[in-house]
Amino acid sequence: MAKKQIKVMDTSFRDGFQSVYGARVFTKDFLPALESAVAAGLKHFEVGGGARFQSPIFYCNENAFDMMDTIRKTVGPDINLQTLARGVNVVGLDSQPRDIINLHAKMFKKHGMTTIRNFDALNDVNNLIYSGQCIKDNGLKHEVTITMMELPIGCTGAHDVDFYERVLRSILDAGIPFDSLAFKDASGTSAPRKVFETIKRTREILGPDMHIRFHSHETAGTGLAAYMAALDGGADGIDLSMKPVSGGTAQPDIVSMWHALKGSEYDLGIDVEKILETEEIFKEAMKDYFLPPEAMAVNPVIISSPLPGGALTANTQMMRDNGTMDKFPEVVAAMKEVVEKGGFATSVTPVSQFYFQQAYSNVMFGKWNKITEGYGKMVLGYFGKTPCEPDAELVKMASEQLGLQPTTELVVDLNDKDPNKGIEAAKKMLKEANLEETEENIFIAAACKEKGIMFLQGKGQIGVRKNADVKQCAAAGEKPEGYTVSVNNKKYSVRIEGSKAVVNGKTYDINVKEGVEAKEGVASSDATPIKAALPGAVLKINVAEGDSIQEGDVLLVLEAMKMETEIKSPKAGVVASVDVSVGDQVKNGQVMVTLG
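Numbering (the working numbering), first residue to last: 650 to 1245.
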């Protein structure tokens, strides 16, 4: 009897990178592995979207569209290249108006993509209607997606088999065009039996010809079991990854899955020896990258505090950036209550980031003392309808803190009316920065905001973590390549190049001369230092030395954990000094501005 051929999508070059390295990977480093994977016979790859649009720009100083072009050139014209879209949020945390949603599909088609997997983290089908139509209208294949997870222990009300059937029937009733359907469990927490029953029922509804795919992670330790259940339920395809970005927070390994299917009725149709050779090439290509220990671990706590692999390492990388990694266990524990009260939207980006940000805020500032913008807007309805009603008291707090009323208006309608969103708003940003108004630049400005503009201006920064090379200056009197400078126990990498200093990858103009020039300052009794209440990066500075300011004026904006925090003046006065620069990483308690 012939075995059922299971279609494999390799996720190494998108979800693998996001789940293990926080999506911070240079394009040139992984091309040898991609070439080998194609030579090994793999024909379907996930290579972009999700965090692998913003992260190349934010952390690699690379244009994500150039990355897509390079990948297409590498694999040739016939390979199915797939990307991930977040419904009306496309590739960011914030939702977009209709013109940007359509531009997303247009640009991804232009830059060589074949298929877009399209999901909404709230499973609000209204957010899939226009985005799905745009994908099809621009000549791409549309893989419509239902997002899954397990609820925290003891909770009920959503994310069971009946719930997923209701979402599926809503997709069908809405007439959304699609070529395939995927179930995406980004946290890897769905019980295998639930996976089986969900896909079995879906197969009964859709019939034998519709391609059904299942996606999960090994974070909770049940990934392989869930994949077996999906296949037994009638799935045609599964997502797998390769070492060193498989297992742990990523997808099950393709070789491990091949082994698990021995003696079964299923066949992956792979040459396992060639895959093993590719994995060795891949490991060699990535050997210099820092491999976070949490990326390789099975964490049963995730079952009750669902945190996707792609969000876990992205956030731990940012916590390392900000010097708060010691808080990680507390933040994960705090997620349980955040999920319970938030209405049970699926823990997948952007919602997983909203959950994590709020849990982080609860740990750093005290429980519910600061409702974060993303989480607050979600419970107020600004990203769509959550599967269950959020906690009423929480909704009240969010409304008061954010100054917003709850809404049931369609997300795209809200965004179409927002003057700060859309193509015209992006063009304005580009014009003010003296940048060319190409469609690519417009989309980067819309999706990446200020950090996208900084990148386009040539002010991008590098935030890729590689294992430090140990180098010796062997020759007597040989000048070192650079210096490690510690200030208040914080280390800075400094390289002097003539009249330039490169500090942690950022270039500054310098002028060094002997002697110390005293600078008149404000008398200490009159000075008011404005200190950072949390670690983060300086995103904007709105004042300069000598400016007159009023109480409540926004002095600067910090970014931490993809959250923007406005730093407001506690009093009226004059700016005596600005003690930081845009792009600086500041520590908790560090003086940023001094008021006179």
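No residue lacks a Cβ here, since even glycine has one placed at the ideal position from N, Cα and C. Model, not experiment: these values are computed from the prediction.
Can you tell me which residues form a DSSP beta bridge with residue i?
i	result
Leu777	DSSP output for Leu777 lists no bridge partner at all.
Glu1073	Beta-bridge pairing links Glu1073 to no other residue.
Ala831	Thr794, Arg862
Ser661	Note: Ser661 sits in no beta bridge, so no partner.
Thr764	Gln731, Lys790
Leu1205	Ile1190, Ile1216
Val1235	Gly1185
Phe694	Asp659, Leu730
Lys1115	Tyr938
Gly992	BP columns for Gly992 are empty, so no partner.
Gly1033	Tyr1031
Pro1178	Thr1243
Ser895	DSSP output for Ser895 lists no bridge partner at all.
Gln654	Asp916
Ser1197	Val1223
Asp902	Ser890
Helix, strand or coil for residue i per DSSP?
i	result
Val1000	helix
Thr1021	coil
Asp888	strand
Asp881	helix
Thr1243	strand
Val950	helix
Thr962	helix
Ala682	helix
Ile1247	Coverage of the chain is limited to positions 650 through 1245, which leaves residue 1247 absent and any answer about it impossible.
Asp743	coil
Ala1225	strand
Val1171	For Val1171, the pLDDT reaches just 46, beneath the cut-off of 50, and the residue's location in the model is therefore unreliable, although a value from the coordinates is still provided. Correct three-state label for Val1171: coil.
Gln703	helix
Asp715	helix
Ser668	helix
Asp769	coil
Lys843	helix
Gln1106	coil
Arg673	coil
Cys709	coil
Ile825	coil
Just to confirm, is the Cβ distance from residue i to residue j under 7 Å?
i	j	result
Tyr1009	Tyr670	no
Gly896	Glu867	yes
Ala807	Ile848	no
Thr660	Ser890	yes
Gly883	Arg852	yes
Tyr708	Val1113	yes
Leu752	Phe1092	yes
Ala742	Met762	For the record, residue 742 in the displayed sequence is Leu; it is not Ala. No.
Thr794	Pro955	no
Glu914	Lys652	yes
Glu1215	Leu1188	no
Ala700	Ile706	no
Ile689	Lys923	Before going on, a small fix: residue 689 reads as Ala here, not Ile. Yes, Cβ-Cβ distance for Ala689 and Lys923 is below 7 Å.
Gly788	Lys755	no
Ala1047	Leu1029	yes
Pro695	Met658	Position check: residue 695 holds Glu in this sequence, whereas Pro was assumed. Yes, Cβ-Cβ distance for Glu695 and Met658 is below 7 Å.
Ser780	Val740	no
Thr1035	Gly992	yes
Ala734	Glu792	no
Ile825	Leu777	yes
Phe1005	Asn964	yes
His864	Lys833	yes
Ile750	Ala1095	no
Gly1232	Lys1180	no
Of all the options the options, which has the alpha carbon lying nearest to the alpha carbon of residue i?
i	options	result
Leu771	Met859, Leu1244, Phe1032, Met1103	Phe1032
Ser1230	Asn1018, Gly1185, Met1027, Gly1201	Gly1185
Val950	Glu799, Thr1087, Val1061	Glu799
Met877	Pro978, Ala835, Lys843	Lys843
Val1223	Leu821, Val1235, Ser1197, Gln1239	Ser1197
Ile1020	Lys1034, Glu1042, Met974	Glu1042
Lys1115	Glu989, Tyr915, Leu940, Lys1016	Leu940
Tyr1024	Glu1081, Ile750, Gln1007	Gln1007
Lys677	Ala946, Leu1053, Asn710	Asn710
Lys990	Arg747, Ile749, Thr805	Thr805
Gly665	Ala1181, Leu961, Val981	Leu961
Using a Cβ-Cβ distance cut-off of 7 Å, determine whether residue i contacts chain D.
i	result
Ala734	Absent here is chain D; the protein component of the structure consists of one chain.
Going by the C-beta, is residue i closer than 6 Å to any heavy atom of the ligand ZN?
i	result
Gly690	The ligand ZN is absent from the structure shown, which contains no ligand whatsoever.
Where in the stretch 908-938 do unbroken runs of the alpha helix (DSSP H), each at least 4 residues long, occur, reported from the N-terminal end onward?
With a minimum length of 4 residues, the continuous alpha helix (DSSP H) runs that stay inside the stretch 908-938 are 921-934.
Of all the alpha helix (DSSP H) runs that stay within the bounds of the stretch 1050-1098, which reach a length of 4 or more residues?
Annotation: the stretch 1050-1098 contains the following complete segments of the alpha helix (DSSP H) (minimum length 4 residues), in chain order: 1060-1065, 1072-1081.
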